[in-house]
Structure formats: structure tokens, C-alpha cells
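Novice: Protein chains in written order, with the working numbering: chain S, 11 to 254; chain B, 15 to 277. Beta carbons are placed, not taken as given, at the ideal position from N, Cα and C, and that holds for glycine. Handing you this structure, nothing more for now.
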Amino acid sequence: MNIKVQNLTKKFNNYLAVNNINFTLEKSKTLGLLGPNGCGKTTSIGMMLGLITPSSGVVLIDNQNVDSTNRNDLLSRMNFASPYIELPKKLTVRQNLEVYGRLYGVKDLKNRITEISEDLNLNNFLNKNTGELSSGQKNRVSLAKSLINKPDILFLDEPTASLDPDIGDFVREYIETYKSKNKITILLASHNMKEVERLCDTIIMMKEGQIVDRGTCKDIISRHGRDNLEDTFLKIARSKNEMA
Amino acid sequence: MRWHKIYGLSLRHIYLIRNSFPRILDLIYWPSVQVFLWGFISEFFTVSSSYYNNTVGVILTAAILYDFLFRSSISYNMMFLEEIWSRNFTNLFIAPIKISEIIAALTMTAIFRTLIGLVPAVLVAIPLFGVSIFKLGIPLIFLLIALYIFGITLGLLVTAGLLRFGPSFENIAWASLFFLAPLGCIYYPIEILPNALQIIAKGLPLVHIFEEMRNILINQTVNISEIIKSILISIIYFILGVVVFYVSYYGAKKKGTLINIGE
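See below:
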């Protein structure tokens with residue numbers, strides 16, 4: 011599946027959250043969406059997931075409008091993980107995976123839960139309430155939920171935020187392996203520049219609702235005359251708007 | 015509509031209840047307290063009022079039926095609020111479920127929650143006060159249907175408000191039923207209301223339901239047209255509730271509240 015974002019704009023009253031952005035995310039590629047807080051990343055992801063109605067422009071998933079009557083068919087082949095949204099805390103990990111497996115119409119759900127639990131090391135706390143888990147464990151459960159339906163497109167919003175380096179590395183390693191094994195299309199929003207460099211084929215830099223730069227990490231770093239993506243990010247975030 | 019999705023969403027709430035004994039206790043506790051309170055009041059009126067003379071339990075039956083309405087509406091709201099409190103809202107709305115499937119799942123699960131609370135209360139009233147709502151006979155089923163449809167309609171309207179305005183609408187959820195209770199003529203006949211309010215009250219199904227309940231218990235007759243009227247009015251309100259829910263959903267999508275409602 012691919013994503014085409016065309017002239018996408020979102021205005022909340024008088025505030026322009028996303029200003030006429032355009033990009034294409036090719037099948038099996040990983041695109042990093044970068045930018046300072048409030049630059050429009052979450053709003054853009056919300057529109058791509060069909061949670062927010064654009065003021066103008068369209069999001070096409072495999073050439074179908076995400077807001078069309080096919081929305082549910084498209085959603086069944088997509089998923090999303092973010093540390094800022096949670097799963098019901100009073101349900102066990104297994105129950106949450108079962109509920110979402112059913113909502114996504116996963117076939118042979120029992121085996122899928124076993125498989126993903128083994129992959130993400132969830133077995134030790136599968137029968138524990140989700141609210142009782144550490145942030146590292148919750149994060150892996152959230153990732154398991156987002157992969158329960160074996161999505162063709164995965165949206166990840168800061169997948170390793172607030173994780174210790176060890177678990178953060180485990181998650182990144184897992185995403186990397188999963189991606190190469192399953193040829194999945196990923197849109198990753200992150201503030202961790204090393205993570206972006208490791209996982210993304212191309213990146214988009216956003217600022218004040220607009221795309222201010224795009225390309226591979228290497229290209230962008232050299233274009234801005236910096237040594238690494240972190241410094242490049244800082245330069246772009248602190249400079250005046252430059253349109254891509 | 016796909017049943018496995020409706021079942022999946024219902025399962026989320028069934029697990030929630032099953033995993034928590036305090037939740038079950040809370041569901042049972044309030045209807046039982048109502049039965050005790052209104053049971054004693056009912057006994058007092060039975061011996062002291064000519065209107066209720068020789069008609070044991072009219073008030074208690076009304077209290078139980080009103081509680082059924084109250085519980086079905088609150089159950090509906092609670093299930094939606096649970097999604098907000100657990101910050102699970104975004105996960106739910108990016109899952110491939112139709113709005114009609116969400117409404118269906120909440121409607122079906124609300125009856126489950128309602129019955130957990132009400133069945134013990136109904137059973138307690140029989141030995142304790144000699145009052146059984148089953149004395150209403152077959153019409154009881156239709157009165158409960160009318161009450162349930164109206165209860166979930168109120169729930170639907172409140173959840174539409176939660177969807178559109180966020181958790182700040184929560185207080186309305188708790189107060190919603192008390193707005194209508196005085197006009198519902200639950201414990202008194204409609205003639206008690208001033209003429210102007212009687213006209214408004216007749217537009218609600220509650221008046222027809224509770225008037226018919228009293229008619230059956232006091233006059234021992236069944237007025238089928240009143241029962242049909244109560245169900246039809248409830249269905250009209252339900253359709254209106256569904257429309258309002260859809261409007262709120264699209265409004266929330268435009269406003270962007272679906273992605274950060276729990277925050």
C-alpha cells in the first residue's frame with residue numbers, strides 16, 4: 011500500500027495547523043515525519059488515519075480517499091501505535107489483544123496472539139492488567155496491538171518515547187526486522203534522530219504546518235552543512251521558514 | 015454490520031466488568047438501595063393513601079422501572095466514558111468499525127450491565143416487600159422495551175455530547191435523567207402537572223409507560239394503544255439520537271477531538 015498526500019490543509023478556526031502539504035510514501039518504504047512540537051505532525055497523521063477531516067486536500071491510500079465509504083476496508087489494513095494513547099488499563103494484555111484482534115477481524119486470533127507475544131516478549135505479563143505494566147512493557151503491548159492485524163501500513167508516533175536505551179533498542183531492532191520481513195509501509199513520527207536515521211528511507215521536515223525540507227537523511231544533513239540529523243533538526247527548527 | 019466486531023467491542027466491556035468485583039458490586043448496590051428506600055415509602059403510602067389503597071407496590075414497581083431506565087442510560091454513558099478515561103478513544107476510532115457497529119455494541123452491552131444491577135433488586139423486592147414487577151404480566155416486556163429504547167436514546171444523546179465537546183460534558187451525563195424525571199410522571203399521575211407541562215410530558219414515552227403501569231396495577235386492565243404509543247415515541251427519539259450521534263461524530267472529526275479526547 012502507498013500513501014499520497016495532496017494539498018492537505020487543516021485549519022482550526024483561525025489557526026492553520028497544516029498548510030498545503032504534499033508527499034508520497036511508496037509501498038514498503040519508511041518515511042520519517044519530523045518537526046518541533048506543534049508543527050502539525052499529529053494533525054497530519056490524524057488526517058491520514060481518517061480521524062480528522064481535512065479543510066482541503068486529500069489523503070489517498072492505494073488511490074482511495076481515506077474518508078471514502080471504503081474507510082473501514084482501508085483501516086483494516088492499517089494500524090497505529092503511540093505512547094500518548096493507551097489500551098484499557100483494567101483489561102489484561104491478552105484480553106486487549108483479543109478485543110482488538112476481533113475488531114480488526116483477525117483470523118486464527120489465538121495463534122496470532124501467541125505469535126506476537128513471543129516476538130515481543132509479552133508472555134511473562136500476558137495475563138496481567140495492562141494498567142499494572144511498566145512503560146516499557148506498555149509500549150511493547152501497544153506495538154503488539156498495532157501489529158495484530160499484520161498491517162500493510164503502520165503509523166508510529168514516537169514509538170520509543172520514555173523508554174530506557176535497552177528497551178528502546180529492542181523496539182527499534184524489532185521494527186527494523188519486522189519491516190524487512192514483511193515489506194510493510196511505515197510512517198514514523200519521532201524526536202529521536204538516531205532512530206529516524208536507523209529506520210527511515212526518507213524524511214520530511216515540518217515546521218509551522220508546512221514541509222520545509224525533504225529527502226534522505228544523508229542529503230538533508232549535507233544540504234544544511236551539518237554532521238548529523240540532530241544538528242540539522244535544530245538548524246531547521248530555529249531558522250525562518252524555508253519551503254521545500 | 016458485522017457481528018464479530020460488535021461482539022469484539024462488547025467483549026471489551028464484559029471483560030471490564032468480569033475483571034473487577036467492585037464494579038459488579040457497584041452495579042448491584044444502587045438498584046438494591048433504591049428497592050429498600052422505595053419499598054418502605056411504598057408500604058407507607060399503601061396504608062396511608064386512598065389512591066394506592068389495596069394496591070401494594072405501585073410506587074415500588076415504578077421505582078424499579080425507573081431504575082431500569084436510569085441504569086440503561088447510565089450504562090451507555092459509562093461505557094463511552096470508560097473509553098475516554100482509559101485514553102483508548104483513538105485506538106477505537108482507527109479500528110475498522112462503523113459507527114452503527116459502535117452503537118449496536120453499546121446498546122447490546124448496556125442491557126447486560128443493566129440486568130446485572132436490576133435482577134438482584136427485583137428478586138429482593140419479592141420476599142422483602144411482597145412486590146413483584148412480574149405482576150404486570152406480558153405488558154411488562156413491552157414496557158421494558160419502551161424504557162430501554164428511551165434509556166439508550168438518552169445515553170446516545172449524552173455520548174454524542176461527549177464526542178463533540180469532550181470530557182467536560184461528563185456532568186451532563188450524570189444529570190441527564192434528572193432533567194426529565196419530573197415530566198415523566200413516574201410516581202404520580204399526569205393530572206398533577208400543570209396543563210402546559212402535561213402537553214410537553216405527553217411527548218415523552220415515560221408518561222405513557224408509567225400511566226399504563228399504574229393502569230394495569232390499579233385498574234387491572236391493559237390499554238394496548240398506550241403501550242404501542244410509548245414504544246413508537248421511544249423509537250422516534252432513538253432515531254433522533256442516532257442522527258445526533260452521527261452529526262456529533264462528523265463534527266468531532268472536523269474539530270479534531272477524536273485524536274486527543276482523553277488528554
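Can you give me the C-alpha to C-alpha distance between Ile-20 of chain B and Ser-89 of chain B, rounded to a whole angstrom?
Specialist: One C-alpha to the other measures close to 17 Å.
Novice: At which residues does the beta strand (DSSP E) containing Met-10 of chain S begin and terminate?
Specialist: Since the first residue shown for chain S is 11 and the last is 254, residue 10 of chain S is missing from the structure and cannot be characterised.
Novice: Less than 8 Å between the C-beta atoms of Thr-173 of chain B and Phe-94 of chain B, yes or no?
Specialist: In contact: Thr-173 of chain B and Phe-94 of chain B (Cβ atoms closer than 8 Å).
Novice: If I measure Cβ to Cβ from Phe-82 of chain B and keep anything under 8 Å in the same chain, skipping five residues before and after, which residues do I get?
Specialist: Taken in chain order, the residues that qualify are Thr-128, Leu-132, Leu-158, Leu-161, Tyr-162 and Gly-165.
Novice: Determine the direct distance from the alpha carbon of Pro-64 of chain S to that of Arg-236 of chain S, and round the result to whole angstroms.
Specialist: Roughly 35 Å separates the two Cα atoms.
Novice: Which bits of chain S does Tyr-90 of chain B rub up against, with CB to CB less than 7 Å?
Specialist: Residues of chain S passing the Cβ test: none, with the nearest at roughly 17 Å.
Novice: What residues in its chain sit with their C-beta under 6 Å from that of Asp-167 of chain S, if we drop five residues either side in the sequence?
Specialist: Correct list, in chain order: Ser-92 and Ala-199.
Novice: Expressed to the nearest angstrom, what Euclidean distance is found between the alpha-carbon atoms of Ile-200 of chain B and Thr-123 of chain B?
Specialist: Ile-200 of chain B and Thr-123 of chain B: Cα-Cα distance of roughly 26 Å.
Novice: Where does Arg-224 of chain S sit, in a helix, a strand or coil, going by DSSP?
Specialist: Arg-224 of chain S: strand per DSSP, three-state reduction.
Novice: Look at the alpha carbon of Trp-188 of chain B and the alpha carbon of Ser-86 of chain B, and state the distance between them as a whole number of angstroms.
Specialist: Those two C-alpha atoms are separated by around 13 Å.
Novice: Identify whether Asp-40 of chain B lies in helix, strand or coil by the three-state DSSP scheme.
Specialist: Three-state DSSP puts Asp-40 of chain B in a helix.
Novice: If we define contact as Cβ-Cβ less than 8 Å, is Lys-267 of chain B a contact residue for chain S?
Specialist: By this cut-off, Lys-267 of chain B is an interface position.
Novice: When DSSP builds the beta bridges, which residues end up paired with Asp-291 of chain S?
Specialist: Examination of residue 291 of chain S is not possible in this model, given that chain S is present from 11 through 254 alone.
Novice: Which residues, in order along the segment 107 to 124 of chain B, keep a beta-carbon less than 7 Å from a beta-carbon of chain S?
Specialist: Those residues of the segment 107 to 124 of chain B that come within reach of chain S (Cβ to Cβ, closer than 7 Å) are Phe-107, Ile-108, Ala-109, Pro-110, Ile-111 and Lys-112.
Novice: If we cut at 8 Å on Cβ distances, does Ser-100 of chain B have a partner in chain S?
Specialist: At least one chain S Cβ lies under 8 Å of Ser-100 of chain B.
Novice: Going by DSSP in three states, Val-68 of chain S sits in which element: helix, strand or coil?
Specialist: If DSSP states are grouped into helix, strand and coil, Val-68 of chain S belongs with the strands.
Novice: Can Gly-45 of chain S and Ala-27 of chain S be called in contact, C-beta distance under 8 Å?
Specialist: No, they are not a contact pair.
Novice: Of all Cβ atoms in chain S, is any one closer than 8 Å to the Cβ of Ser-262 of chain B?
Specialist: No, its Cβ sits nowhere closer than 8 Å to a Cβ of chain S.
Novice: Give me the Cα-Cα distance between Glu-125 of chain S and Ile-194 of chain S, rounded to the nearest whole angstrom.
Specialist: Rounded to whole angstroms, Glu-125 of chain S to Ile-194 of chain S spans 18 Å at the Cα level.
Novice: Name the residue from B:Gly-144, B:Arg-101, B:Ser-146 and B:Arg-228 whose alpha carbon lies nearest to the alpha carbon of Ile-273 of chain B.
Specialist: With distances taken between Cα atoms, Ile-273 of chain B lies closest to B:Arg-101.
Novice: Does the beta carbon of Val-206 of chain S sit closer than 8 Å to a beta carbon anywhere in chain B?
Specialist: It does not; no Cβ of chain B falls within 8 Å.
Novice: Hey, Ile-253 of chain B and His-222 of chain B: beta-carbon distance below 8 Å or not?
Specialist: Result no, Cβ atoms of Ile-253 of chain B and His-222 of chain B do not sit closer than 8 Å.
Novice: Please list, in chain order, all residues of the same chain as Asp-211 of chain S whose beta carbon is under 8 Å from its beta carbon, the five residues on each side excluded.
Specialist: Excluding residues within five positions, the ones whose Cβ falls inside 8 Å are Lys-39, Thr-40, Leu-41 and Thr-226.
Novice: Assuming Ala-215 of chain B is part of the alpha helix (DSSP H), what are its boundary residues?
Specialist: Run containing Ala-215 of chain B: 209 to 216, per the alpha helix (DSSP H) assignment.
Novice: If you draw a straight line from the C-alpha of Asn-209 of chain B to the C-alpha of Met-227 of chain B, how long is it?
Specialist: If I take the Cα positions, the gap works out to 22 Å.
Novice: Give the straight-line distance between the Cα atoms of Lys-100 of chain S and Asn-149 of chain S, rounded to the nearest whole angstrom.
Specialist: Between Lys-100 of chain S and Asn-149 of chain S, the C-alpha separation is close to 16 Å.
Novice: For the candidate residues B:Leu-168, B:Gly-270, B:Val-138 and B:Phe-179, whose alpha-carbon lies nearest to that of Val-49 of chain B?
Specialist: The shortest C-alpha separation from Val-49 of chain B is found at B:Val-138.
Novice: Does any C-beta atom of chain B lie closer than 8 Å to the C-beta of Arg-122 of chain S?
Specialist: No, its Cβ sits nowhere closer than 8 Å to a Cβ of chain B.
Novice: Show which residues of chain S have a CB atom less than 9 Å away from the CB atom of Ser-34 of chain B.
Specialist: Within chain S, the residues near Ser-34 of chain B are Lys-100.
Novice: Can you confirm whether Leu-23 of chain B, when its beta carbon is compared against all beta carbons of chain S, has any partner nearer than 8 Å?
Specialist: It does: the Cβ of Leu-23 of chain B has a partner Cβ on chain S nearer than 8 Å.
Novice: Does DSSP put Leu-150 of chain B in a helix, a strand or coil?
Specialist: Note: Leu-150 of chain B maps to helix in three-state DSSP.
Novice: Thinking C-beta only, is Ile-38 of chain B closer than 8 Å to Ile-28 of chain B?
Specialist: No; because the gap between Cβ atoms is not below 8 Å, this pair is not in contact.
Novice: Considering just the uninterrupted stretch of the beta strand (DSSP E) at Leu-257 of chain S, what are its terminal residues?
Specialist: As shown, chain S starts at 11 and ends at 254. That puts residue 257 of chain S outside it, with no answer to give.
Novice: Which residues in the same chain as Gly-265 of chain B place their Cβ atom closer than 7 Å to its Cβ, once the five residues preceding and following it in sequence are excluded?
Specialist: Same-chain partners within the cutoff: Arg-178.
Novice: Quick one: give me the first and last residue of the alpha helix (DSSP H) that Ile-88 of chain B is part of.
Specialist: Ile-88 of chain B -> alpha helix (DSSP H) spans 72 to 99.
Novice: Measuring straight from C-alpha to C-alpha, what distance separates Glu-184 of chain B and Ser-190 of chain S?
Specialist: Approximately 46 Å between the Cα atoms of the pair.
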